[in-house]
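Colleague:
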Amino acid sequence: MKFSYHTATHNQRINITVLIEALCPDCQRFIVDELYPNVYKNFAGFVNIEFVPYGNAKVVNGTIQCQHGPEECSINRFESCLIDSVQTQEQYVPLIYCIENNLRSKIPFDKASAKCFRTLSVSEDIQRLIQSCLVSRLGERLQEKAAKQTANVWPDKHRAVPWVVINGISLESEQMMMDHLPYLICNLNYSSIAQMLLILLLVGLSFVSADRCSSVPPSLWCSSKELSKECGFEDLCNRYHTATHNQRINITVLMEALCPGCQHFIVDELYPNIYKNFAGFVNIEFVPYGNAKIVNGTIQCQHGAEECAINRFESCLIDSVQTQEQYVPLIYCIESNLRSEVPFDKASAKCFRTLAVDEDTQRLIQSCLVSRLGEELQEKAAKRTESVWPDKHRHVPWVVINGVSLESEQSLMDHLPYLICEWYTGDKQIPYCRSEEKKKYKMMSLNV
């Protein structure tokens, strides 16, 4: 397999371009609450942040008209001049943050800019450069350049502001993830696990792409028809979409019954945010074994003999009821009660009663527990845990997506709802994803 992405991006900063307009409330929120504190402060040496202050402005009869009026046009021009005058992101990012933060607090622009110049010790020479730019043809040219850059984002045109472009790639599908940029930066090569791994499993790859295509992360290859066509990914993506179209996403959770982290993940994330929102679009599999080990032919569990007994019980429960519509709520109920320090016998009895588990099913579970079947299910869980690929599990919970185990992705697991919205390909958009997208665009300044 030969491709130029890693060659093009190795040790290179990630380019983050933000289309903004100065008086847009959601631009201010994004810059002040997300971009500056979470991205710039943590990744300044690994990203290039570029602001394009133009947004949803339009040219009418040769004059720029801004969405929030003439004052916004003036501030957009000021910010363009500021960026051009100081040039380095170490100077202009804190300044733009400071100005937008003050504007958000309803401080008049003149006072806001003066305060920020003073706070950030902007020299008089730089201030004169900015003022000279503002009253000259340069200020006009910079806004014309911003207009052109905004209009030419590729492959998807911007529909709202703020709009984030990563490594020169503008994708509408990625905008929902922009409040999760720190995680995406850490995992950019693999931000769409199922997409990338299934592509690589389905077909070998050999191509040399054009310059702008060489910096497209593998996770985004199939995010846009125009992108996949221009960059030579089209056949690959067609095969991927054929293989995954209308198919559920498989989510395997390696766990152990008395692990606090597992209980947190199941109770606070997996059940309320994944199962409740995506039950018809995912297959959830629990593997109750975790960090247990076989010593002299006997399973020894991390949290003692009781955990081994409950792991076995949960394996028998899953095998007895079989459908996730039954076992996911039951595992959730049991783990929720165990987390609240309810003794296991009382917890399981309470959950059977609450979820109306019939006596036949309860007898099946008990029969499994005291028979060779219970032992076989734990041996199967041990083998399943040990054979995850390509990365071995290092802790629990450990999440495997569509059979692919990646250590680099475990930090993203609290963001699964947004990732599932990206990964799923089907005839209809998942209702949760549609509602979240509407909510996102409702907050943003729309390009209408």
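Residue numbers (my numbering): 587 to 1034.
For every residue, glycine included, the Cβ atom is placed at its ideal position computed from N, Cα and C.
In the stretch 812-839, which residue ranges form an unbroken alpha helix (DSSP H) of at least 4 residues, counting only runs that do not cross its ends?
Modeller: 820-830, all fully within the stretch 812-839.
Colleague: Is there contact between the stretch 714-721 and the stretch 658-678, where contact requires at least three CB pairs shorter than 8 Å?
Modeller: These segments touch.
Colleague: Is it right to say Gln761 is buried, meaning 16 or more other beta carbons lie within 10 angstroms of its own, or is it exposed?
Modeller: When all chains shown are included, Gln761 counts as buried.
Colleague: My understanding is that Pro575 touches Asn859, with C-beta atoms under 8 Å, so please give their C-beta distance in whole angstroms.
Modeller: With the chain covering only 587 through 1034, there is no way to say anything about residue 575.
Colleague: What number of angstroms, rounded off, separates the C-alpha of Leu706 from the C-alpha of Pro680?
Modeller: So the alpha carbons of these two residues sit roughly 8 Å apart.
Colleague: Count the other CB atoms, across all protein chains shown, that sit within 10 Å of the CB of Thr649; report buried if there are 16 or more and exposed otherwise.
Modeller: By the neighbour-count rule (16 or more Cβ atoms within 10 Å), Thr649 is not buried but exposed.
Colleague: So the alpha helix (DSSP H) Asn597 belongs to, where does it begin and stop?
Modeller: Premise fails: Asn597 is in no alpha helix (DSSP H) and is neither H nor E.
Colleague: Inspect the CB distances between the stretch 828-845 and the stretch 966-983 and report whether three or more fall short of 8 Å.
Modeller: Touching, yes, given that three or more Cβ pairs across the two stretches are closer than 8 Å.
Colleague: Between Ala843 and Ile693, what straight-line distance do the alpha-carbon atoms span, to the nearest angstrom?
Modeller: Computed Cα separation, rounded: 54 Å.
Colleague: By DSSP, does Leu605 sit in helix, in strand, or in coil?
Modeller: DSSP places Leu605 in strand when its eight states are reduced to three.
Colleague: Could you tell me how far apart the beta carbons of Gly641 and Cys610 are, in whole angstroms, since I believe they sit closer than 8 Å?
Modeller: That belief holds up - the Cβ atoms of Gly641 and Cys610 are roughly 6 Å apart, short of 8 Å.
Colleague: Evaluate the contact criterion for the stretch 628-636 versus the stretch 695-706: three or more CB pairs, one atom per stretch, below 8 Å.
Modeller: Not touching, per the Cβ criterion.
Colleague: Could you check the C-alpha separation between Asp878 and Ala865 for me, to the nearest Å?
Modeller: A quick correction: the sequence has Ala, not Asp, at residue 878. Their backbone Cα atoms lie some 29 Å apart in a straight line.
Colleague: For the stretch 936-948 against the stretch 907-926, do three or more pairs of beta-carbon atoms, one drawn from each stretch, fall closer than 8 Å, so that the two count as touching?
Modeller: Yes, since at least three Cβ pairs between the stretch 936-948 and the stretch 907-926 fall closer than 8 Å, the two stretches touch.
Colleague: Where do the ends of the alpha helix (DSSP H) carrying Phe695 lie?
Modeller: That run of the alpha helix (DSSP H) goes Phe695 to Thr705.
Colleague: Just checking my contact of Tyr683 with Val618 at CB under 8 Å: how many whole Å lie between their CB atoms?
Modeller: That belief holds up - the Cβ atoms of Tyr683 and Val618 are roughly 7 Å apart, short of 8 Å.
Colleague: If we ignore side chains and look at the alpha-carbon of each, how far apart do Val646 and Val604 end up?
Modeller: Cα-Cα distance, rounded: 24 Å.
Colleague: Run through the DSSP bridge pairs and tell me what Asn897 is partnered with.
Modeller: Answer by DSSP bridge pairing: none, since Asn897 is not bridged.
Colleague: Are the beta-carbon atoms belonging to Arg1020 and Gly960 less than 8 Å from one another?
Modeller: No. Outside cutoff.
Colleague: Any idea what DSSP makes of Ala796, helix, strand or coil?
Modeller: Here the model assigns Ala796 a pLDDT of 42, short of 50, so the residue's position is not dependable, and the following value carries that caveat. Coil at Ala796, not helix or strand.
Colleague: For Ala865, which of helix, strand or coil comes out of DSSP?
Modeller: Coil.
Colleague: Starting from the C-beta of Asp765, find all residues in its chain whose C-beta is less than 7 Å away, skip the five residues before and the five after it, and write them out in chain order.
Modeller: Same-chain partners within the cutoff: Glu620.
Colleague: Ile752 and Ile880 - do their beta-carbons sit closer together than 8 Å?
Modeller: Going by C-beta atoms, Ile880 is not nearer than 8 Å to Ile752.
Colleague: Could you tell me the boundaries of the beta strand (DSSP E) in which Thr736 lies?
Modeller: Unbroken run through Thr736 is the alpha helix (DSSP H), Arg723 to Ala737; no beta strand (DSSP E).
Colleague: How is Phe637 classed by DSSP in three states: helix, strand or coil?
Modeller: Here Phe637 sits in strand by DSSP.
Colleague: Roughly how many angstroms lie between the CA atoms of Tyr1010 and Asn832, to the nearest whole one?
Modeller: Those two C-alpha atoms are separated by around 8 Å.
Colleague: Can you tell which of His596, Ile771, Glu607 and Val739 has its C-alpha closest to the C-alpha of Phe629?
Modeller: Among His596, Ile771, Glu607 and Val739, the Cα nearest to that of Phe629 belongs to Ile771.
Colleague: Ignore the nearest five residues each way along the sequence and tell me which others in Ser991's own chain have a CB closer than 8 Å to its CB.
Modeller: Val974, Trp975, Pro976, Asp977, Lys978, His979 and Trp984, listed in sequence order.
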